[in-house]
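Per the numbering used here, the sequence shown starts with residue -7, numbered consecutively.
Reviewing the structure listed below.
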Amino acid sequence: MEPATEPEDRWQTSEYFRLLNGEWSFCWAEKPADVPDRLGFAGNWDTISVPSVWQLEGYDRPIYRNHALTWEDIPELETEPDPPTVPSSFNPVGTYRRTAEIPAEWGPDRRTYLHFEGVKSAFFVWIDGEYVGYDQGSMTPSEFDVTDALDPGEEHTLTVQVFRFSDGSYLETQDMLRFSGIFRSVYLYSKPAVHLRDFFVRTAFDATYEDATLSIDVDLAAEFDLSEYDRTDEWQVVGHLFDGARASVATVDDVMTPVDDTSTTLETVVERPDKWSAEQPALYLLVLELRAPDGSVREAIPQRIGFREFDIREGQLRLNGEPITIRGVNRHEHDPETGRTVSYERARAELRMMKRNNVNAVRASHYPNDLAAYELADELGLYVVDEANVETHFNMNFVNEAPAFHDAYVRRFERMVEHHKNFASIFAWSTSNEAGEGPAHEEMAAYSRERDPTRFVYHQGSGEAPYEQFHESMTGTAPFADISGPRYPVPYTLVQHEAVEERPLVMGEYAHALCNSLGFQDAFWDLVRSVDGIQGGFIWEWCNQTLAGDVVVGGEGVDWWFDDDPFLLDGVVFSDLTPQPELRQVKKTQQPFSFDAIAPREGVFTVTNEHDFTDLGAFETRWELAVDGRVVQTGTLDLAVPPSHTRGVIVPFERLKLDPGAECHLTLRVELSDATDWAPAGHEVGFEQFEIPFDASDPERPSADTHSPVTVEEIGEWIEFVGERFRYRFDTTQCAFDEFSYDDTVVATDGPLFGCYRVPVANEGRIDSATQWGYDNETEWEQLGLDALTHDVVDHTVTRLGTDCVRLTGIAVVRNPDGDALFDIRYRHTVFGDGVVATDIDVDATETLRESLDSWLPRLGVQFDLPVTTSAVEWFGRGPAETYPDRKTGSEVGRYAGDIDDQFVPYRLPSDNGNKTDVRWASVTGDGDVGVAVYGDQPFNLRFDGFENLATATRLEELAPKDGATMFVDAAVSGVGGTPVRPLTEYRLRPNPVSFSFAVHPYDTTADDPGDIARRGVPRLAAATFSDPETVSGEDRAFESQHHD
-7 MEPATEPEDR
3 WQTSEYFRLL
13 NGEWSFCWAE
23 KPADVPDRLG
33 FAGNWDTISV
43 PSVWQLEGYD
53 RPIYRNHALT
63 WEDIPELETE
73 PDPPTVPSSF
83 NPVGTYRRTA
93 EIPAEWGPDR
103 RTYLHFEGVK
113 SAFFVWIDGE
123 YVGYDQGSMT
133 PSEFDVTDAL
143 DPGEEHTLTV
153 QVFRFSDGSY
163 LETQDMLRFS
173 GIFRSVYLYS
183 KPAVHLRDFF
193 VRTAFDATYE
203 DATLSIDVDL
213 AAEFDLSEYD
223 RTDEWQVVGH
233 LFDGARASVA
243 TVDDVMTPVD
253 DTSTTLETVV
263 ERPDKWSAEQ
273 PALYLLVLEL
283 RAPDGSVREA
293 IPQRIGFREF
303 DIREGQLRLN
313 GEPITIRGVN
323 RHEHDPETGR
333 TVSYERARAE
343 LRMMKRNNVN
353 AVRASHYPND
363 LAAYELADEL
373 GLYVVDEANV
383 ETHFNMNFVN
393 EAPAFHDAYV
403 RRFERMVEHH
413 KNFASIFAWS
423 TSNEAGEGPA
433 HEEMAAYSRE
443 RDPTRFVYHQ
453 GSGEAPYEQF
463 HESMTGTAPF
473 ADISGPRYPV
483 PYTLVQHEAV
493 EERPLVMGEY
503 AHALCNSLGF
513 QDAFWDLVRS
523 VDGIQGGFIW
533 EWCNQTLAGD
543 VVVGGEGVDW
553 WFDDDPFLLD
563 GVVFSDLTPQ
573 PELRQVKKTQ
583 QPFSFDAIAP
593 REGVFTVTNE
603 HDFTDLGAFE
613 TRWELAVDGR
623 VVQTGTLDLA
633 VPPSHTRGVI
643 VPFERLKLDP
653 GAECHLTLRV
663 ELSDATDWAP
673 AGHEVGFEQF
683 EIPFDASDPE
693 RPSADTHSPV
703 TVEEIGEWIE
713 FVGERFRYRF
723 DTTQCAFDEF
733 SYDDTVVATD
743 GPLFGCYRVP
753 VANEGRIDSA
763 TQWGYDNETE
773 WEQLGLDALT
783 HDVVDHTVTR
793 LGTDCVRLTG
803 IAVVRNPDGD
813 ALFDIRYRHT
823 VFGDGVVATD
833 IDVDATETLR
843 ESLDSWLPRL
853 GVQFDLPVTT
863 SAVEWFGRGP
873 AETYPDRKTG
883 SEVGRYAGDI
893 DDQFVPYRLP
903 SDNGNKTDVR
913 WASVTGDGDV
923 GVAVYGDQPF
933 NLRFDGFENL
943 ATATRLEELA
953 PKDGATMFVD
963 AAVSGVGGTP
973 VRPLTEYRLR
983 PNPVSFSFAV
993 HPYDTTADDP
1003 GDIARRGVPR
1013 LAAATFSDPE
1023 TVSGEDRAFE
1033 SQHHD
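Have a look at this one:
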């Protein structure tokens, strides 16, 4: 049987559909008592866009809350929760009005429906002043049969009155900006009197997962008082199935007699259908037709479907018979320009970006999303956990303490299931988020199993617990859930949890990406790869929830984001979808393959294909061999490796004999062979990098006697070192060089000066609530005075090692503002005639610090100030993005360059940022021909600060740029942590003795290259090279503890 028309997958193109989005008249009141009459006709009317949130249209203001009721703890409001009542002094009301002409073709034998995709939080509807209905629930659609209120061919006035707060607000305390209004689409549509009321598509494979049974439950609605047919007449329901190319695949039909039944099930076997998965999201088009007794088609409904079957076997979540891995993120619906109103284009951009960064799953946190998100997930290939619009984080036991809300819990869940049940991407229904556990959740689970046994029950009840007990109470493991969903574990507790868990384990929220964070990712994914029962999880969260520009109300800007601690800054992308550095780590850690070195010098490796359904042969694999960051050999590999298999691979590079001091790295890149809906051909899916230990002789140390002489002159508190091209001035009171001048150009000042403080990242107590999961490092560090250290110089000596080589030794006690000695330190600066300053530093924490420091040190290193003319940086290390010791494997070792200003990462909560790890050398340059290279025998950390007030600013907008920048060269820095917030033990810097060495090397940028300079090495010379040292000033005193406690 042929379809009556060409297949069309967009029902919105129908002549029986009318979108009501656009400009509406609008009247706002601060509270219900201020509405001048029931419909607000006597009010002050303006216009507003629909859909939108009125807080971003000049009315009211957004309020950010993490878990409290929106009005709780706001001084001007009633603050005590008193369900089901809401504030009367502040409960804004928005009244919307517009006219709509009803097409004459929509009657008289048809039904017309008014559909709202999303209105928050509750609303009334009138047509021509006559009451139509009321609904609440915010994030699930509302629909009204308005046939009797409309006359086809006539114009009617639609009035909608929306309340910011309702008793439903008690179930909507999600961690997000709280908005109001008609924030999703509104439309009218018309159906024939006899029509398809509902349908439910299911697919199931045979035992071999080759052929599939397609089942379609169909419900008929029959309004025979409007139909020319009799109730005993036979109607035919036909299902046409088309493949992706719109070729006919199957047709199935049945006859229904409404007098006898209004439901039927269409069923057919489809031979060897293309299977749907996140990797290969094959979609078919199903067109359901309803044919009248005379054979005419009265209704045709398109629905894209995927052939897939989820199940759980032997404790593993499977799709189409294969275990799958959930590489997921939690996603709020948010746009910095439009708030909760998210366009199709924005949603598509987000999901395509997820796919490009090896995210294959989304949790709809914490409410049903706009339909576009599910359509896109089906199309692009993402697994979805759909979640009921229920969160009572203000009171986790509300589900048990307020039984009057029981039905509201359950109805919200049921509405979600019914509305979204035909999307292939959804594999689990989540009963709620942070809403405890009670009878309502059990009823939801029972409903899901009866109505839709093809999917699983997920639950994220949550609880409060300190760091050490997260595995006991933040588990998300209600007995009625099919999948265990631990929340915010640390890796070792995840292993403990999996050991006693028989269900699949998929973390519901983990790796809380608050500002500069995500330091646990490698540790988590080592477990995902090594423990069968741990099948991934959902990072908290995908996108920051900040707003663009100022929110203006009544002509004045209003504050919005400090109503609660800024936990709306948890994304791995900024709110405008600019990637944060964490996203690079997500992409790397979650890439679906891995390489291991067997014999790297010979090019022998293994590759493991971690795809669930795709052979690695479907991708292009390139290799690059680079010496000191410069690519010298390239090639391609044929990696035909089936899913979940490991094979050996030989990379056919030519062995190299490296120059002294050179390093060689092999990078393997897996790229898309063909374009997809989410990325072009050539897109890099992921990479692996190995250092190849080719033979190389040690760097040849230049002889000091080839350099020009160095003269030394003491002028009061200053010591000047002068060579042919340089003049360096040393401040004996600070134990640091006051100025480095080379070729009459000042290239650095005030360094190298020891320090151990960094502006705390959010996980280190930058915000009060961060301490609930860890340790308040910020308070401890500032109480210890680590942010205001001074040098108490004990001694300094200048020793001549030759006519062109002088060593300055400085010994100091580093004290805090209270005068407590925290470190003993010895600097040895060796100044050579060519301008190189080689520095060795020995640092030893005092017993006072060791006994006082309960946590760890932020960093150990030195800093320099750079002049305002210094603007560019180049380095050989990990890059180009920011990295930290516990979040660095997502960035390759290479040679990178950029503006110093561009190394700043604009976290909305200012903190330490822009660090570079594993740096072999770095150079800074400016307007002229003079640059400064810094290099060492061991890799170091590099960072810049270009602001006067990074430590005191609480928002990005408060930062004040300074002239020039401070450059930090650190031997070690602590990690940024994750959630719980503290870094893993191996990334905490303890106050142990540390020695480190580096060289400062000014150079002519037109004549030399910083990589060549660094490869020649630090000119550390053996004592035998020189005649007996001559003490120029001070005493040659051994380094020993000089402090006095």
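From the three backbone atoms N, C-alpha and C, an ideal C-beta is built for every residue, glycine too.
Are residue i and residue j touching if we call contact CB-CB under 8 Å?
i	j	result
V111	V124	no
Q513	N350	no
A952	E940	yes
S255	G969	no
V178	R290	no
V376	F405	no
T600	R614	no
S240	F605	no
F175	R332	yes
G920	T737	yes
F82	E22	yes
Q452	L309	no
Counting C-beta neighbours from all protein chains within 10 Å, is the total for residue i 16 or more, i.e. buried, or is it exposed?
i	result
E49	buried
Q4	exposed
L1013	Note on L1013: pLDDT 34, under 50, position unreliable in the model; no value is reported.
Y126	exposed
A1016	For A1016, the predicted model reports a pLDDT of 25, less than 50, meaning its position is unreliable; a value from the coordinates is still stated below. A1016 is exposed by the Cβ-count criterion.
T703	exposed
S80	exposed
S113	buried
Y201	exposed
E342	buried
F33	exposed
V623	exposed
V251	exposed
I316	buried
Taking the DSSP output, what are the residues bridged to residue i?
i	result
S883	BP columns for S883 are empty, so no partner.
C535	V565
L206	T195, T260
C656	V619
D891	A864
Who are the Cβ neighbours of residue i in its own chain at under 6 Å, not counting the five residues just before and after it?
i	result
H385	H59, T165, E426
G923	S915, T917, Y995, T997
G595	I642, V643, F645
E7	none
A432	V391, H398, Y401, V402
D878	G511, G967, P975, Y979
Can you round the beta-carbon distance between residue i and residue j to whole angstroms, since I take them to be within the 8 Å contact cut?
i	j	result
W534	N322	6 Å
P902	L942	5 Å
V230	I208	Not quite, the Cβ-Cβ distance comes to about 10 Å (not below 8 Å), so this is no contact.
S424	V492	Incorrect: roughly 24 Å between the Cβ atoms, too far for contact.
Y927	A991	6 Å
N769	S847	5 Å
W16	I40	6 Å
R887	N907	Between N907 and R887 the Cβ distance is about 18 Å, and since that is not below 8 Å, they are no contact.
Within the same chain, show all residues whose beta-carbon is closer than 7 Å to that of residue i, passing over the 5 residues directly before and after it, in chain order.
i	result
G743	A728, F729, V854, Q855, F856, D857
D784	A804, V805, R807
A284	Y221, W227, R290
H675	R348, E663, L664
E122	A141
Grab me the residues of residue i's own chain with a C-beta within less than 8 Å of its C-beta, minus the 5 sequence neighbours each way, in chain order.
i	result
E460	Residue placement at E460 is poorly supported in this model, since its pLDDT is 39, which falls under 50; the coordinates are not used for a value here.
E705	I711, E712, V714
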